[in-house]
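Chemist: Per this note's numbering, the very first residue in the sequence shown carries number 1196; after that it's consecutive. Even glycine gets a Cβ: it sits at the ideal position worked out from N, Cα and C. Nothing here was measured: the structure is a model prediction, and the numbers come from that model. Got a structure for you, questions after.
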Amino acid sequence: MQKSRGVIIGKNCHFCPYVQIDLIYPHLVNIGDNVTLGSNCMIFAHTNPTANLFLKTGEYKRKVEPVTIKSGAVITPGSIIMAGITIGKNSIISPGSVVTQNVPDFSVVVGNPARVIKRIKDTT
């Protein structure tokens, strides 16, 4: 279903139930090969950082930027990937993490905001 909406999805990917991929800009989400997306994770290619300002002043600035999840990455349940982010090759996003910065290849991140806590040895 996600491919029909324009999401670019590589080979051998696994999507658990209730994965949410940007409804407005799905074509800006690129998922590499062998990626796992855990239950209830969310991927946004747009954000509305000034939504409250809009209510007060009428100004509305939307951030619209592509999201790339490189091959072998694992996005665990409840994680949120924000607009403009690249998740590195074979990286792991820990449960419930909110990713607001790019994640290097072979990294484990955790938290809100997510931060690198460990580097994974590249065995390829």
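(1) Do you know whose CA, among Cys1208, Val1259, Gly1273, lies nearest Gly1306's CA?
(2) Label Asn1297 either buried or exposed according to how many other C-beta atoms from any shown protein chain fall within 10 Å of its C-beta, with 16 as the threshold for buried.
(3) If you draw a straight line from the C-alpha of Pro1261 to the C-alpha of Lys1313, how long is it?
(4) Would Ser1318 be called buried (16 or more neighbouring beta carbons within 10 Å of its own) or exposed?
(5) Just to confirm before moving on: does the CB-CB distance between Ser1234 and Tyr1220 stay below 8 Å?
(6) Going by DSSP, which residues form a beta bridge with Met1237?
(7) At the level of alpha carbons, what is the spacing between Ser1289 and Val1230?
(8) Using a 10 Å radius around the Cβ and a threshold of 16 neighbouring Cβ atoms, would you call Asn1285 buried or exposed?
Modeler: Let's see:
(1) Gly1273
(2) exposed
(3) 26 Å
(4) Residue 1318 is actually Thr in this sequence, not Ser. Under this definition Thr1318 is an exposed residue.
(5) no
(6) Gln1215, Ile1275
(7) The straight-line gap separating the alpha-carbon atoms of Ser1289 and Val1230 is approximately 14 Å.
(8) Asn1285 comes out buried.
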